[in-house]
Structure formats: C-alpha cells, structure tokens
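Peer 1: According to my numbering, the sequence shown is numbered sequentially starting from 87.
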Amino acid sequence: MGKADIMQAPTSDIVVHAGAHCCGAEEYQRFLGANRAALTAAGYDLAYPGRGGAPGGTFDCGFPEPRHQGIALDAIVGAIATALADLGAEGRGLILSEHDLAGHMASLLAGRFYPVALKRAEALRQALGRPVDRLVVAIRPYEDLFACAWRRFALDRQMEPFAEYVPAMAGFSGGWTETVTALRDGLEAGRVTVLVGPQHPLDLMAHLVPGLRLADPVVLPEAPAITDSAIAMIQRHYGQGARFAPGQRDRILAFHATQPQVAPETGFAATQLTALRARYAEDLDRLAGLAGVELVAGAVSAVAAE
C-alpha cells in the first residue's frame with residue numbers, strides 16, 4: 087500500500103462523492119479500496135469504497151432496500167446512521183463514495199432522471215448528523231449516459247433493443263441541474279464541484295480532498311471497455327437461455343475490447359440527438375451559475391500524482 091504524504095493536517099471534514107452511473111464511480115471506489123490503508127493512516131475513514139478492490143478492502147453501509155418505497159424515512163436514516171456510527175470520529179475525516187446516491191440506474195431507462203435524489207440526499211444528511219463539507223459529482227453527456235446505462239443492464243440480463251427505450255429517454259424529465267441542486271440542498275453541502283466527464287481516480291481525489299497527496303498511490307487497471315460487439319454476443323447468449331460460467335463474461339469483454347469496432351450509433355434520431363446535446367449544453371451553463379457550485383472540465387492527474 088502507498089504511504090500518505092499529508093500536505094495539510096487531516097480534518098474532520100465529511101466529503102461525499104455522489105457517483106452517478108457510468109461516470110467513473112466504480113473505478114474510483116476500487117481505487118479507495120486499494121488505498122484504504124494509506125487513507126486511514128492519513129486520518130480519513132472510508133464509506134462505500136471497494137467495488138472489487140483489494141480483498142477485504144470493501145465496506146458497504148448502503149441504503150436499505152427497497153429504497154424510499156413505502157419505508158418511513160426515519161427507518162432509512164436509522165439504518166444508515168447505524169452503519170456509519172464508527173466512522174468520521176472527532177479528529178478524523180470521512181470520505182464517502184456511493185454510485186447509487188442519486189437513485190437507481192433503472193430510472194434513466196424509463197426517462198426519469200434521478201427523481202428521488204433530494205430524498206436520498208436528505209436521508210444521508212440526517213444520518214450523518216451534520217452538513218457535508220464538500221460534494222463532488224461527475225457528469226457526462228446525456229446520449230452517452232443513456233447508452234451506457236442500457237449496456238450495463240445488457241451485461242446482466244436479456245434486454246429489449248435499445249431503440250425501445252429511446253422515446254422515453256429522448257423526452258426525459260429532470261436532468262443534471264436538478265440532480266446536482268437536489269444533492270447540494272439535501273446534503274447541505276458547503277462546496278460543490280461538478281466534474282465534466284468521467285474522471286481518473288487521481289483527478290477525482292484531488293478535487294474531493296485537495297490537500298491530500300498519496301506518495302505511492304495504488305491505481306488498478308481500468309476495466310475493459312463495454313463494446314457493442316461484446317454486448318451483441320452476450321445478448322445472444324442470454325437469448326438462448328444460457329448462463330455464463332464464472333469469469334466467462336469478463337473474458338468476452340476483454341477480448342472484444344481489443345478488437346476493431348464499427349463506429350457506434352447513438353441510437354437516437356438526428357433531431358433527438360440535437361435536442362439532447364442542446365439540453366446538455368444548457369445544463370452546463372445553468373450549473374456554472376448555481377450558487378456554491380464550481381464546474382470543472384479537464385484533468386489534474388499530473389498534479390494529483392505529485
């Protein structure tokens with residue numbers, strides 16, 4: 087494990103990475119899991135790290151199921167508070183990363199853009215017992231997010247063709263501005279950073295905990311890209327009623343990630359694609375104007391790695 091080189095004294099700040107889907111959250115959580123010892127030595131407790139990181143390197147205090155579906159908010163708050171009870175003690179910081187904080191990925195396919203983000207953020211805020219000092223959210227263009235969400239589901243089950251989801255996704259309700267606002271307000275976040283595009287874990291860490299440097303960070307290999315050809319093979323497999331042997335699906339992904347690919351279609355009609363891109367551009371402008379929100383594009387990994 088890498089050693090921590092602390093550029094400022096550790097604080098009891100609570101920093102939250104609200105990892106939207108397909109925006110690098112899983113990779114960052116693996117990074118946290120792999121660097122748990124160094125981060126703990128630096129004075130930071132971790133919640134929700136891991137996601138396939140180092141063996142024994144996970145800690146999951148996730149929201150109980152079903153999430154906000156007929157369960158009293160107090161019961162949910164109590165369950166989260168119990169899981170977090172031994173973390174973020176006085177004199178220690180808390181890094182919390184949750185890829186589902188804003189809501190389920192399934193809502194995206196139905197054209198509902200994280201409709202319960204505020205309620206879920208409020209539950210976490212109550213469980214923490216204090217406002218969040220810093221919130222970091224990574225976002226990406228709508229057409230990329232929707233396509234990625236469908237592919238993620240297609241890895242695990244037989245899915246209807248992407249085109250069947252297009253009408254709902256093209257006319258989706260909500261959006262990045264509403265989601266970031268809900269998370270900011272629900273968590274009562276003191277500072278909010280919105281990162282445009284999936285980020286390298288070191289970039290994300292530099293924004294989440296700016297004063298922390300890891301002298302020898304463990305950076306795990308990136309997961310293979312989910313290609314259209316791999317999805318097609320996986321869907322044929324499911325369509326035949328077959329199941330995957332352990333590791334078989336991962337080998338399919340790894341193989342196809344090295345093969346030439348035809349330029350992927352967006353799946354949206356030209357008018358729909360134009361509207362989605364215009365809506366994303368408008369949201370970037372709106373986010374840049376939100377109180378307490380800093381919009382950041384570009385990478386800082388060279389600085390983070392120093």
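We treat Cβ as the ideally placed atom computed from N, Cα and C, and that holds for glycine. Please read these numbers as outputs of a predicted model, since none were measured by experiment.
Find the nearest neighbour of Q326 within the set H293, A292, Q244 and D230, judged by alpha-carbon distance.
Peer 2: Ranking H293, A292, Q244 and D230 by Cα distance to Q326 puts Q244 first.
Peer 1: Let me confirm a value: P284 is counted as buried when at least 16 other C-beta atoms fall within 10 Å, else exposed. Which label applies?
Peer 2: Buried is the call here.
Peer 1: Pull up the distance between the alpha-carbon of L180 and that of L125, whole angstroms please.
Peer 2: If you take the alpha carbons of L180 and L125, they lie about 10 Å apart.
Peer 1: Leaving out five residues on either side along the sequence, give the residues of the same chain with a beta carbon under 8 Å from the beta carbon of L376.
Peer 2: Here the set comprises T263, V266, T267, R270 and V278.
Peer 1: Could you compute how far the alpha carbon of L221 sits from the alpha carbon of R238?
Peer 2: C-alpha separation (whole angstroms): 25 Å.
Peer 1: Do you know how far the Cα of R329 is from the Cα of G219?
Peer 2: Note on residue identity: the sequence assigns Asp, not Gly, to residue 219. Near 45 Å, if we compare the C-alpha coordinates of R329 and D219.
Peer 1: Any idea what DSSP makes of G260, helix, strand or coil?
Peer 2: In the structure shown, G260 sits in a strand (DSSP, three-state: E or B).
Peer 1: Since E274 is in the beta strand (DSSP E), which residue starts that stretch and which ends it?
Peer 2: E274 -> no beta strand (DSSP E), and no H or E assigned at all.
Peer 1: Please check if any C-beta of chain D sits within less than 8 Å of the C-beta of I166.
Peer 2: Structure shown: chain D not included; a single protein chain is present.
Peer 1: Can you give me the start and stop residues for the alpha helix (DSSP H) that A465 sits inside?
Peer 2: A query on residue 465 cannot be resolved here, the shown segment of the chain reaching from 87 to 392 and no further.
Peer 1: Check the C-beta distance from H190 over to E112 and give it rounded, since I have them as a contact under 8 Å.
Peer 2: About 15 Å separates the two Cβ atoms, so there is no contact after all.
Peer 1: Does the region 354–362 come within contact of the region 308–321, defined as at least 3 CB pairs closer than 8 Å?
Peer 2: Too few Cβ pairs lie closer than 8 Å, so no.
Peer 1: Which runs of the beta strand (DSSP E) spanning at least 3 residues fall entirely within the region 159–245, listed in chain order?
Peer 2: Here the runs fully enclosed are 179–184 and 220–225.
Peer 1: So, are the CB atoms of H103 and L306 less than 8 Å apart?
Peer 2: Cβ distance not < 8 Å, so H103 and L306 don't count as in contact.
Peer 1: Report the rounded CA-to-CA distance for A167 versus S183, giving the unit in angstroms.
Peer 2: Their backbone Cα atoms lie some 15 Å apart in a straight line.
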